[in-house]
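Working notes, structure below.
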Amino acid sequence: MHLVRHVVPMLALLSLAAAPLAAQNTGTVRGQVVDSTTRQALSGVTVQIQGTQRITTTGPDGNFSLGDVPAGSVVVRATRIGFAPEQQVVTVTAGGTAEAQFEMSPQASLLEAVIVTGYGTQRREAITGSVASIDATAANVGVKTNVTQLLQGRAAGVEIIQNNGEPGAGAQILIRGGSSVSARNDPLYVIDGVPINNVASEPAANGWTGNPSLARNPLNLLNPADIASITVLKDAAATAIYGSRASNGVILVETKRGQAAGGPSFEYDGNVSTSSPARSLGVLTGSEYRSFVQGSVADWRADSTAFAGRHGPADTIFTLHFGDSAATFNALDPSHLTTLGAANTDWEGALTRASLTHNHNLSFAGGSEDTRYRASMNYAKQQGVTLSSGLERIQGRLSASHSNLNNRLRIGLNVTSSRVNNTYLTYENQGGFEGGAFENVATFNPTQPITVTDSTGTRFYEVGGTTIRNPVALAHQITNIGQTTRTLGNAEAEFDVVRGLTAKINVGLDHSNGGRQEYYPIANPLGRALGNGLAQQQTLQNATQTLQTLLTYDGQVGGSTSLNVVSGYEYSKFKRDSVLGRGIGFFTDAYGFHALDAATSRTTASGASESRLASFFGRANVGLNNRFFLTGVLRYDGSSRFSAGNKWALFPALSGSWNLTQEGFMQSGPFSELRVRAGWGLQGNPSVDPYTSLITLASGSGATYPWGDAPNGGVLATSNGNPDLKWEQTAQFDAAIDFSLLNNRISGTVEYYHKNTKDLLLTVDVPQPALQSTQLKNVGQLSGHGLEFSLDALAISRPGLTWRAGLIFAADRSKVTDLGCATDSTGVESCPFYESADVSGQGQSGVRAERVMVCDPSRPGYCPGYALGTFYGPVFLGHDAAGQQVFFCTAATTGCVNGRTTIRGNPAAADYRVIGNANPDFTLGLSSQVTWKRFEMSFLVRAVVGHDVFNNTALVYSTKSNALQDKNFLRGALSDPTGIHDPAIYSSRWIEDASFVRMQNITIAYDLGIPLLMRSARSARLYLSADNLFLITGYSGLDPEVYSGTGLAVRGVDYLVYPNPRTITGGLRLLF
Amino acid sequence: MKRLFVTKSIGAGALVGLLILSLHGCTDLDETPVSLITPGNFFRTEAEVLAGLAGVYAQLRSTAPEGAIYDANEVTTDEIVVPIRGSDWNDNGQWIDLHNVTWTPTSIATSNFFNGAWNSAYTGVARANLFLSAMENATVPNKARYLAEGRALRAFYYYILMDQFGGVPVVTTTEIALKPRSTRRELFDFIESELIAARDSGLPDTWGPENNGRFSKGGADAILANMYLNAGVFTKDGAGTGGINATAYNSCANITVSTGPDACAAAIAAADRILNSGNYSLADSFHQNFRFDNYRSPENIFVVKFIPEDGLGMGITMAALHYCQYAPLTPWNGFSTLAQSYNAFDPADKRRNAILIGPQRDVLTGALATVRVSGACPAYSPAVALVFTDTIRDIRSANESEGARIYKWPADPAHVAQNSGNDFAWFRLGEIYLIKAEAQHVLGQDGPALTVLNTLRARTDPVAPALAAVSDSVILSERLFELFGESKRRQDLIRFGKFTGRTDAASGLIGGKVARPDYYVLMPVPQTQINANPLLTQNPGY
């Protein structure tokens, strides 16, 4: 390490010595690029002198000119998205001008020829790892709030599930199925070369009505319109350069820069959208509920003759509140009639709305050969499809670059600053005894009105001081807002030491300041129950500093060997500070959250943490005759978060490719390109919180004890520490075939991978006594393999008509293969298992839907390993005559007759079985883009097939027993034979196949004739776009794509999710 | 021109070089938390020691109502039942498993209650161990007293483990290590010696009002008295021959303890030290012991302190009360009392007022309460009156007004949300009287025993008419009346040989408890604990 530490600065010093090189004799290269099929000039083509930093782009007339080109024979290379790269050799004389004319032919894939691969770029053909790049422009259609949404359905093996339909909602991203059980599975995001600390930038709300709504996406700071390219590094060979943070994949985002060609440009892109919920829960309407209650009471009364005979008329209490036979007990007693109101309220309709969104982007860019700039502004205001939910963003971005010393020194600056204002509806995402807005939509009596008017005025109708609350009142009366101001900037300087050798320094700063304000007013029953008004303010600051120094060599060794070497050092420091103030008990709602000092009871809290990451790394890529490529990577990472002695780890990778089309025997085949590649590498996951390896003492109410009736602040140990804590490590092998057919009209990749994660970070029970009952330890293994396939086709390419289509397919199979198992003396293997996925709802405490396990507890010694997201529970068989639920059981269980339970209630735990798997068999994405004259039509269809979802919403709200508490329920319960007194029991009955096909987006654009609009406009385009236009699924809940909860690898649980919208967008794009 | 070029080159190169050089101090990855403390840099001043000690005391909250330890002591007995009401309180059948004594080492009651009890008590032990080990090197005033408090608290946490699980591993260091179980007798002796050492090495006789609630000599003697009375159970590792008698009285007579050959005599001696200390007296009224201001009760010996603040209050009222009788809060309508227990009280016994039955009122406003209509509490009318019944027809499917309710700790008018300021007494003078009387009865001293029992009944505001005679069943009943809901019923039933034989009264309770095998007198060691520590052996029978 010490050696490496000193090599870098020495090399840098060498650069000083080498700096004053004499100026060389130079000349100019110029020419024009045209499309080989249409013969029209091509603008936006990147023209580069290979092996140098001399780069330019063609203007609208297809012309280019490059000065300061070293005299001699040079390779000129032209590349453009959607066209096969071309190159030719020209001879430049000192002071002379050489001509280079290019004809480029369109090809299938819309991919850059030069790919950002982490700490530098590589030519596509030289890449030996698994890398997917996304055409950001094609993906940015409809309403897109963040970079995550651009990726959905566009890269094989990248599964993205939005948390819910909230504006700017967070998402769960699994690249190749994820690699961790309890640590994070989020990929590493790198924006303009700077890794981003992707943690929540806004303080979380408290869960006063169940668990709080989920955090919004921290990447909402970046405007999708500013993104030039997105690259996903998937396998270890590609990601190992990011070492310890790479085991969940890496997403590289490059933002748009200024262009010199064609003069300054000015662009406006604005759109307006309207959204509404795509599906509804289906609760009973007022009249349905009324007739259900009346019918049930009639059943109850049908037994009244016999009933009256058993009890005298004086026995009013008994007759009011009791039934005394199974028959009467199975219906509602007449007191429930008094609960029926005259109204007919659609609570779901009252809480949701057709929302309006508008979004405006303004940018200008330009510059000279040496100095370029781009500035952009964005204003977006997005309403959610429920009341009191939305997002507003004001964002500005500036990027500038300058080159000097005959282009040997290049400096650049990128700054993004954004302000995001979030408005939150108070709802639960799990838990839900008390209930937020969505629970009350499902249960609030639909025969009651939203508001009532009497002599005191109009106010929200409330049933009283109970857990049932008017959801519309919750939305209107509770304030829950958040805002984040975030600035992301980096400055870089690059210096060519000698030809091919470049030294670079990149300094990045990421500072966010988030706030959250909540007020639960006295006017609302929830606010009263919380102690007569509750106000809370929180702030959260995150600051990340990153420093990188790089040395890059790119050049030829001899005539046939290319060499690309990067070595560097990186240092990051992460700081976090938070403050909370809470007041309970107000005499007025007038203050809102602004005057905590008016509260009768106040709480304050604050916290801070810091962690650091230091790394040394190198990557070498050797190419032989453009035929064989070999890449080796080493990264040595140190993280402060692990225990002393385990802070440093080495992450190596090795990969290679063979371009078969360069071989003689392939020249005559159908392939215009055929390449095989394979790679292996190690990646890490450092997602543990700072200080986890230490025993730490914390203050807080848990440690406070009231001697003499005054609270004495105390401390208690919050962690057992773990002096052996180390990285989770994933080893991954990847093999692939890249191919192109029919002169690059069809291209694709077939890829297989196998990965194995060991030293899984798991919170496990520890022997007592211990300061906490559990400890974070490195236990167990997870392994998986999968197949990915992607295909791009240029189906039609002729003047006036182009049709491109893309298909991606991915199948991942992974399972837990070890959790610290032991084999007993009889040779039977037993392993601990971990229960996960708490079932939400009243009466469901202590019920868990999933298990993380290797061995099936119901089958001793059977240890095949199971996927994360394996549902485990009672097997539902049907109902008996009394409407009692019947489950599978074994003979050993009390009351088991012929394998069927006969005792009311939950079956024995020993009779639980594996009842589902939340992971899909495969996922598909199909995209298409047709350009016909001035029209362009594109769509994206996504399909996920073979995954199960636990419909927790139906379990809790699709039972008639809700009516016993005068709560509404879902329509499905009407035809359900379950008795009104049978409790809701988690079982296989609520596990549903959730396969679906979704029309993710469809867009039609029309290019206006330029003079039609105004003379100075270069281009004007009108477009109409629809998101989530239709969904084909057999799943009965709101949406078959469900948030995968926090906790131990929870997947596929659907509980009262914020509805997914269907959105129609119309927009206009003008370029001057 | 050329010179300018050279100068600029050197300048640019130097800039890059300097920036690269400037960062090579940056490989230091040591962690120093700022908003957290590590034990190594703490416990240096008396204020820091007090803060550490507060953390050890704070774990007492987990032993009080309504937590896993309390539920395991109460819902397993005839004092509390938690019936399923619709889907509410089904909770995977955990409450029924607890009530019906059908648990196994892996069943829902074990994983949610006994495992919780195991962890809660042992967390107290671990906090005390950390405190005591850090104190070894501390030089602060009153060090002996702090050490005595830490040891006494640790002994109390071990007392809970001994009561529920039998012999468990005894660990006094901070290391997390696999350790086998001690025998219950060894654990008994350890707790006894620790309490005696703490009492004699620094615990004060009393504390001033500003330290109300800290451990005193009386606290140590009260636990000792209880242990001595239960010595016939607490020194045995299981039911059966030579072990606990699950069907007859387990006497403390002739069991040797450190102070002599007879634990009953030791119990009387420990009780007398408290009774004769002059530090305690019977409260004027029984209910003074439980109200929000019960910190003033002269009966308190060792209590869990609660105050009406967020996270620091008692909340059992929420578990017991009906939705419509604690506005604006919505209680959970769960914890009920069995009819047979309610009806065991003499109607004249004022102690029965700790149970709510019949027409109900809002506990704070006194307004007549209603059942829920539309999930809400409507305006009162006789048609919707909330009337608690003593019987529960079917504990798997109860109506919302079935079951009398435990309401021994009335809601605090100053409550903050669910947090009331009532303290929970683990040991108060009432029980010391009962311990003395029972030990005297076992030793054949029925005359003095009767006097002691009648003293207890004759508070300034007498709770019940005087008793005429003493017997085993009179004493067990008297403990029910006096200590109802105070986390002692399971222990009492086991001592009297009535825990596993108990059935729910034949008043038509469906789904209720029938007699269970003898081995249930000990809780199972939760399987998760055995997985974490394979040296643990399971209790016999499971």
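In order, the protein sequences belong to chains A and B.
Per our numbering: the first sequence = residues 1029 to 2100.
Per our numbering: the second sequence = residues 12 to 553.
We treat Cβ as the ideally placed atom computed from N, Cα and C, and that holds for glycine.
Just so it is clear, the structure is predicted and the values come from calculations on it, not from any experiment.
Continuous beta strand (DSSP E) stretch holding residue i: start and end
i: D1820(A); result: 1809-1826
i: V1000(A); result: Nothing in the structure corresponds to residue 1000(A), since chain A is present only between 1029 and 2100.
i: Q1511(A); result: 1507-1526
i: A1571(A); result: 1562-1585
i: G1953(A); result: 1950-1960
i: R284(B); result: First-last for R284(B): 274-286, but that is the alpha helix (DSSP H), not the beta strand (DSSP E).
i: Q175(B); result: No beta strand (DSSP E) contains Q175(B), which is instead part of the alpha helix (DSSP H) from 154-176.
i: N2018(A); result: The displayed chain sequence assigns Trp, not Asn, to residue 2018(A). Counting along the chain, W2018(A) falls outside any beta strand (DSSP E), and DSSP gives it neither H nor E.
i: I443(B); result: No beta strand (DSSP E) contains I443(B), which is instead part of the alpha helix (DSSP H) from 440-453.
Start and end residues, alpha helix (DSSP H) containing residue i
i: M534(B); result: Taken as a continuous stretch (DSSP letters only), M534(B) belongs to no alpha helix (DSSP H), as it is neither H nor E.
i: I1774(A); result: Premise fails: I1774(A) lies in the beta strand (DSSP E), 1774-1786, not in any alpha helix (DSSP H).
i: N130(B); result: 126-146
i: N1541(A); result: Taken as a continuous stretch (DSSP letters only), N1541(A) belongs to no alpha helix (DSSP H), being part of the beta strand (DSSP E) at 1529-1548.
i: F1320(A); result: 1314-1330
i: V2085(A); result: Here V2085(A) belongs to no alpha helix (DSSP H), and DSSP marks it neither H nor E.
With 16 other Cβ atoms within 10 Å as the buried cut-off, status of residue i
i: F245(B); result: buried
i: A1920(A); result: exposed
i: G1205(A); result: buried
i: E1520(A); result: buried
i: E449(B); result: buried
i: K1961(A); result: exposed
i: S1210(A); result: buried
i: P528(B); result: exposed
i: G1586(A); result: exposed
| Runs of beta strand (DSSP E) lying entirely within the stretch 1825-1889 of chain A, each at least 3 residues, in chain order | 1829-1846, 1862-1866, 1876-1880
| Would you say the stretch 189-197 of chain B touches the stretch 136-152 of chain B, given that touching needs at least three Cβ pairs under 8 Å? | no
| request: At 3 residues or longer, and completely inside the stretch 1093-1176 of chain A: list those beta strand (DSSP E) runs for me, N to C. | output: 1100-1107, 1114-1120, 1125-1127, 1130-1132, 1142-1144, 1149-1151, 1159-1163
| said: I'd like the ranges of any beta strand (DSSP E) spanning at least 3 consecutive residues and lying wholly in the stretch 1706-1765 of chain A. | reply: none
| Taking any Cβ of chain A, which residues in the stretch 343-361 of chain B have a Cβ under 7 Å from it, in chain order? | none
| task | May I ask you to list, following chain order, the residues of the stretch 1863-1877 of chain A that have a beta carbon less than 9 Å from some beta carbon of chain B? | result | E1863, V1867, G1869, Q1870, G1871, Q1872, S1873, G1874, V1875, R1876
| Of the residues that make up the stretch 307-337 of chain B, which ones have a beta carbon closer than 8 Å to any beta carbon in chain A? | K316, F317, I318, E320, D321, G322, L323, Y334, C335
| Between the stretch 503-515 of chain B and the stretch 81-89 of chain B, do three or more beta carbon pairs fall short of 8 Å? | yes
| request: Starting from the N-terminal side, write out each stretch of the beta strand (DSSP E) that is 3 residues or longer and does not extend beyond the stretch 407-438 of chain B. | output: 415-417
| Proximal residues, the stretch 58-84 of chain B versus chain A, C-beta separation under 9 Å | E59, L61, A62, G63, L64, A65, G66, V67, Y68, A69, Q70, L71, R72
| message | Could you tell me which whole alpha helix (DSSP H) segments of length 4 or greater appear in the stretch 31-106 of chain B? | response | 57-69, 79-85
| field | Complete runs of the alpha helix (DSSP H) confined to the stretch 1169-1253 of chain A [at least 4 residues] | value | 1175-1179
| field | Near-chain B residues of the stretch 1656-1687 of chain A (beta-carbon distance less than 7 Å), N- to C-terminal order | value | G1666, S1667, S1668, K1675
| task | With a floor of 4 residues, list each alpha helix (DSSP H) that falls wholly inside the stretch 185-245 of chain B, ordered by position along the chain. | result | 195-212, 228-240, 242-245
| message | Give the list of continuous alpha helix (DSSP H) stretches no shorter than 4 residues that lie fully inside the stretch 481-527 of chain B. | response | 483-494, 500-506
| If we count Cβ pairs, one from each stretch, closer than 8 Å, do we get three or more for the stretch 231-240 of chain B versus the stretch 283-293 of chain B? | yes
| request: Assess, as a yes-or-no matter, whether the stretch 1759-1769 of chain A is touched by the stretch 498-510 of chain B under the definition of 3 or more beta carbon pairs within less than 8 Å. | output: no
| query | Of the residues that make up the stretch 1624-1635 of chain A, which ones have a beta carbon closer than 9 Å to any beta carbon in chain B? | reply | T1628, S1629, T1631, S1634, G1635
| said: Taking 8 Å as the cut-off, does the stretch 1274-1294 of chain A touch the stretch 1405-1413 of chain A (at least 3 CB pairs, one atom from each stretch)? | reply: no
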